[in-house]
Structure formats: structure tokens, C-alpha cells
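Peer 1:
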Amino acid sequence: MDSQIEKLHQQLVDQDISCKSLVQEKLDVLKPNTHNTVNTLLDKMALDLAEKVDAKIASGEPIGLLEGIPFGVKDVYMVQGTKTTASSNLLKHYTSAYTATAIQKLLDAGAIPIVKENCDSFGHGSSSENTIFGAVKNAINPNLVAGGSSGGSAVNVAKDYTVFSIGGDTGGSIRQPAGYNSVYGLKPTYGRISRYGLMAYASSTDCVGPIARSLEDIRIVLNTMSGKDPKDQTTYASVPISKESLSHIKTIKAVGYFKNFIENKAIDPKIKSDFLMTIEKIKANGFEVKPLDFFESETLVSTYYTLAMAETASNLSRLDGTNYGSRVEAENLKETYSVTRSQNFSEETKRRIVGGNQVLSQGFSDEIYLKALAIRDQISENFENDFSSVDIIISPVTPNTPPQIGSSLKDPLAMYLSDAFTVGFSLGQLPTLTVPLGTATGLQITAAKDKDGLVLTFANFLKDMM
Ligand code: GLN
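This note's numbering numbers the first residue of the sequence shown as 222 and each following residue consecutively.
1. When we look at the beta-carbon of asparagine 481 and count the other beta-carbons within 10 Å, is it buried (16 or more) or exposed?
2. Any idea what DSSP makes of lysine 252, helix, strand or coil?
3. Should leucine 634 be labelled buried (16 or more other beta-carbon atoms within 10 Å of its own) or exposed?
4. Less than 7 Å separating the Cβ of threonine 410 from some heavy atom of ligand 1?
5. Residues in the same chain with beta-carbon distance under 7 Å from histidine 314, minus the five sequence neighbours each way, listed in chain order, please.
6. Grab the span of the alpha helix (DSSP H) containing alanine 531 for me, first residue to last.
7. Give me, in chain order, the residues of the same chain whose beta-carbon lies closer than 6 Å to that of phenylalanine 496; leave out the 5 immediate sequence neighbours on both sides.
8. What is the rounded straight-line gap between the Cα of glycine 372 and the Cα of threonine 352?
9. Determine contact between the stretch 303-310 and the stretch 340-359, defined as no fewer than three beta-carbon pairs at a distance below 8 Å.
10. Which residue's Cα is closest to the Cα of glutamine 651: Cys340, Thr643 and Tyr590?
11. Per the contact definition of three or more C-beta pairs closer than 8 Å, is the stretch 621-629 in contact with the stretch 507-527?
12. Under the three-state reduction of DSSP, which class applies to methionine 370: helix, strand or coil?
13. I'd like the span of the alpha helix (DSSP H) that includes lysine 493, first residue to last.
14. Note the first and the last residue of the continuous beta strand (DSSP E) segment covering glutamine 665.
15. Against chain D, with Cβ distances strictly below 8 Å, would leucine 436 count as a contact?
16. With a CB to CB cut of under 8 Å and the five nearest residues on each side skipped, what residues in its chain are close to serine 586?
17. Can you give me the start and stop residues for the alpha helix (DSSP H) that threonine 678 sits inside?
18. Select from Leu243, Gly293 and Pro620 the residue whose C-alpha is nearest the C-alpha of lysine 491.
19. Measuring only the C-alpha atoms, how far is asparagine 444 from proline 461?
20. Along the chain, where does the alpha helix (DSSP H) containing leucine 419 start, and where does it finish?
21. Using CA atoms only, rank isn't needed, just tell me which of Leu658, Asp673, Thr320 and Lys672 is closest to lysine 193.
22. Tell me the DSSP secondary structure of asparagine 621 in three-state form.
23. Near tyrosine 526, which residues of its chain fall below 7 Å by C-beta distance, leaving aside the five closest residues on each side in sequence?
24. Less than 7 Å separating the Cβ of aspartate 632 from some heavy atom of ligand 1?
25. Please state whether DSSP places tyrosine 401 in a helix, a strand or coil.
26. Going by beta-carbon coordinates alone, are lysine 304 and cysteine 340 separated by less than 8 Å?
27. When DSSP labels each residue in this structure, what does phenylalanine 608 get in the three-state scheme?
28. Cβ-heavy atom distance between glycine 406 and ligand 1 below 7 Å?
29. Evaluate asparagine 377 with the Cβ neighbour count: other Cβ atoms within 10 Å of its Cβ, from every protein chain shown; 16 or more gives buried, anything less gives exposed.
30. Comparing alpha-carbon positions, which option in Thr391, Gln599, Leu328 and Met266 lies nearest glycine 302?
31. Heavy atom of ligand 1 less than 7 Å from the Cβ of histidine 314, yes or no?
32. Could you tell me the distance, in whole angstroms, from the CA atom of lysine 449 to the CA atom of lysine 326?
33. Count the other C-beta atoms from every protein chain shown that fall within 10 angstroms of the C-beta of valine 366, then say buried if there are 16 or more, exposed otherwise.
34. From the DSSP output, in three-state form, read off threonine 445 for me.
35. Among the residues of its own chain, which have a CB less than 8 Å from the CB of glycine 584, if the five just before and after it don't count?
36. Could you tell me how far apart the beta carbons of serine 459 and serine 447 are, in whole angstroms, since I believe they sit closer than 8 Å?
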């Protein structure tokens, strides 16, 4: 698929369509949609912005590439004056006081946010069923889950309700729903895009990233959102990725894959055989392909969930009904905190807060939390070693195809294990892209830190090869 952004930009410039009609058309399909992708429609704000773009075009002023392009925002980003609920009861009535840096950069470029999108509450989940707005339904088969936690965003893009959407990825939440709904989704290198104004889940792996139907749109949106931000000390200044660089495939010589992902008994046989066929095609195109050793899935998943739960327990402690959240009054302050949090957090979120506080508590932290930190260091070292001999690592996105709606709620452990192939790259803070190619749930392409451009280059090659 070609760039939707470029196509619409041209139509706006040529005055084939007005910005207002473009925005209205998207609002009209979003509003009645039965996939449960919408938490809040930003209709008034979006139409006001569209009018300004139309006036600019009518007066003959040039417009930027993203100007007037409608996009979706996962409901965990602050957009001043809009509700930011994180799909939770606790923040059902919360209105953002400011705008996230990444979203502000898109606004500055003239793009128009039209919807706050349904997701797993606070990013806790892999199916977008942990939400007060109803389970998000898969774009391809509505009996199946959309994936998560950025399920609403992936479905909106897949159904063309938004031109692109901004998801959030802590352990796979952009890449997995992108794979389940057959679109592109990028988790950039940690720190490439500011997290300021993204509701914190696990701060050490939280990443902002785009979901789109073309690689070119991923590149455009990534470049727009990237950059150092004084409000997020973990950000760094990156070099924009040029369109031309995407055809420099000669910079890539060797491709690796993790043997144990493919030999894992939990992998669907068809995903496995399709993946191995892709490997053969890559070899036939003259690349050196190396099988690599990696940590067992169980180790990756337990390390990730130990750290993610510890961080979320700490991050969510501020939501006590006093400064933030719907307060439930009780006899005294302590009781008020307790009742507010017990009644307003979901089962899944409570499981994580309890688990996180447990691994951080005295007597457990040495045995569990500190051990997870040490394994994380080993995982990073392992990646550094790998990238001394390969340029790219490819893997399936998920071991299995999306489950039926309702089934993963019964078995949280099975849901955690469905993240087996995504969480390792999060712990390594590496740029990783889902492409809707190769297996039923796509392929993941990964490179060393800050080599997001290389990831896009290889994806561009794969797209032409397949
Ligand atoms: N499914 C993973 C989790 O629940 C990843 C979620 C995410 O990236 N926000 O932690």
C-alpha cells in the first residue's frame, strides 16, 4: 500500500476534497462502528481545526504534508481539554490539563486528532478486553480479540477509520495488535520519542509509536514525533530517516533469528512453517541468515512481568481519588484510598498492583525484583553480542493467532505467555516493527538501538520480496 498521507495531502492541495469533509467522513464511520474502538470522539475540536486548514488552502497558502490529516490517539495520551480515561473507571471523568509532547508535535505539523481510542486499561493486557468501554473486536474477524493493549488504534487503522493512530508499547502493545489486524506498527528505540504526557505504565520500557497501513506513513509520523524533550530526560536527539535510505538494502548483510522461538512447543505450526519459508526466501536473496541463541520465553515473560508490575504499582500509586480519579468517600482517609482503588481498578490492574508491591517488598525484592533487573542486563548484553554479527533480527510477532473474545480473561497466565516474542525487545529497548507479512500475525523486524532506519529499510525490502 502507498502512503495514505501523501495521497490525501495531494487531494487537499488540489482541492479535490475539503479538509472538513475528510474529517467528517472519518467521524461518520467512527461513531456507529461496532468494533468498540472509540472512547471519546473529538468532533468539535477536529472540525474547528479542519476549517482552519480549509481557509488556509482557499487563501492559496501552502500546507505541510501532515496538515489536515485525521489521526487517532490511544486513550492514554494527554490532549489538553479532552478526556483521558485509560479505559478505566478510576479516570472515567478525568480531563487532560496539558498535551503530550508527541501529540503536540503532530498538532504543530497540522495533523488533526479525531478520536481517543479504546485500549486495555492502563495498558494492562494483550487483548483490549480489560476496558470499561467493551472489548475491542478484531478488524478482520469480529469474534476474535483485537489484541492489546492498543487494540482500538490498530482496528481503526485497519478499517481506515483513521489515517494513522498513535499507540503505546510497553511490552508489545503496538506490535501485537498491529499483527492481529494486519497493519504496520512500530515501537521505536526507547527514548527516540518523548513519553511526556503518556500515562506511565512501566516507565523503563514505555514507548510512543505509530500504527499505519503503509511503511511510508510510519516513517513520516515517526520523524515528526521524534526528538529530544527537556520534559523527558530519557529522550535523545535522533537523525530523521530519509525516504531514500529505505532503498539502501545493501547496508544489510546478515539477518538473525532466535532458534528457541521457532522450536518452542507453544508456537502454532502454521506460523512456524510460514516463518521458516520466509527465512528461506531471505537466504535466496543473498543474505547470510544466522540462527541465534536467546533466553527461554518463560524467562523473558517472567522478567518482563516482574519489572512491569513493579513499575506500574509504583506509577499508579498516585491514583487515589485525591489528586486524580473518581473518589469514593469512606469513614477515614485510609479507607477512602482503599475503597476508591478497590472499586475503580479492574481485576487485571489490581492483580498487577498487588504483584508489583509483592516483588518490591522487603524479603522478596532481592529474590525477585533485583534478580529480574540482573536478567534484564544479561538480555541487553545478549543483544549487543548478536548485533556484532547480524544487522537485523526477525521473528514472528506472536506464537498464536488471535483468540476468541472472552477466552483469555479466563486464563491470565496464558495471556502473559502470548507476549513471549515481543517483551524481549522491549527489555532491550530496541526498535522493533511489525509488518503485516510472512505469517498470519506478521513478522517483527528488530535492529540495534537507534537503528530504526535500518528496520524500515529491511521492511521495505521484505515488502517487495514477498
Ligand atoms: N501485554 C503486555 C502487558 O500487559 C504489554 C502491554 C503494553 O505494551 N502496554 O504488559
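Note that the Cβ used here is the ideal one computed from N, Cα and C, for glycine as well. On a predicted model such as this, the values are computed, not experimentally measured, just so you know.
Peer 2: To lay it out plainly:
1. Residue burial is scored here from C-beta neighbours: asparagine 481 has fewer than 16 other C-beta atoms within 10 angstroms and is therefore classed as exposed.
2. Lysine 252 falls in the coil class under three-state DSSP.
3. Classification of leucine 634: exposed, given that the 10 Å Cβ count is below 16.
4. False, no ligand heavy atom lies under 7 Å from that Cβ.
5. Cβ-Cβ distances below 7 Å link histidine 314 to Ser547 in the same chain, with the five nearest sequence neighbours on each side left out; the list follows chain order.
6. Alanine 531 -> alpha helix (DSSP H) spans 518-536.
7. The beta carbon of phenylalanine 496 sits closer than 6 Å to those of Pro617 and Thr660, all from its chain and outside the five residues before and after it, given in chain order.
8. Whole-angstrom Cα-Cα distance: 11 Å.
9. With the cut-off at 8 Å, the stretch 303-310 and the stretch 340-359 touch.
10. According to the sequence shown, residue 651 is leucine rather than glutamine. Answer by Cα proximity: Thr643.
11. Under the three-pair Cβ rule at 8 Å, the stretch 507-527 does not count as touching the stretch 621-629.
12. Looking at the sequence shown, residue 370 is not methionine but serine. Coil, per DSSP.
13. Bounds of the alpha helix (DSSP H) holding lysine 493 are 490-505.
14. In the DSSP assignment, glutamine 665 falls within the beta strand (DSSP E) that extends over 664-667.
15. Here chain D cannot be found, since the structure has a single protein chain.
16. Cβ contact annotation for serine 586 (same chain, cutoff 8 Å, sequence separation greater than five): Val580, in chain order.
17. Threonine 678 -> alpha helix (DSSP H) spans 673-686.
18. Comparing Cα positions, the closest option is Pro620.
19. Each residue's CA atom was taken as its position, placing asparagine 444 and proline 461 some 5 Å apart.
20. No alpha helix (DSSP H) contains leucine 419, which DSSP labels as neither H nor E.
21. In this structure the chain extends from 222 to 687, so residue 193 is not present and cannot be described.
22. The three-state reading of DSSP puts asparagine 621 in coil, since its state is none of H, G, I, E or B.
23. Only residues of its own chain outside the window of five on either side were considered, and among them Tyr637 have a CB closer than 7 Å to the CB of tyrosine 526, listed in chain order.
24. The answer is no for aspartate 632.
25. Helix, per DSSP.
26. Contact flag unset, no.
27. The three-state reading of DSSP puts phenylalanine 608 in coil, since its state is none of H, G, I, E or B.
28. Of the heavy atoms belonging to ligand 1, none sits nearer than 7 Å to the Cβ of glycine 406.
29. So asparagine 377 counts as buried.
30. Comparing Cα positions, the closest option is Met266.
31. No, the Cβ of histidine 314 stays beyond 7 Å of every heavy atom of ligand 1.
32. The alpha-carbon atoms of lysine 449 and lysine 326 are separated by roughly 12 Å.
33. When all chains shown are included, valine 366 counts as buried.
34. Three-state DSSP puts threonine 445 in a helix.
35. Excluding five sequence positions before and after glycine 584, none of the CB atoms of its chain fall closer than 8 Å to its own CB.
36. Right, the Cβ-Cβ distance comes to about 5 Å (below 8 Å), so this counts as a contact.
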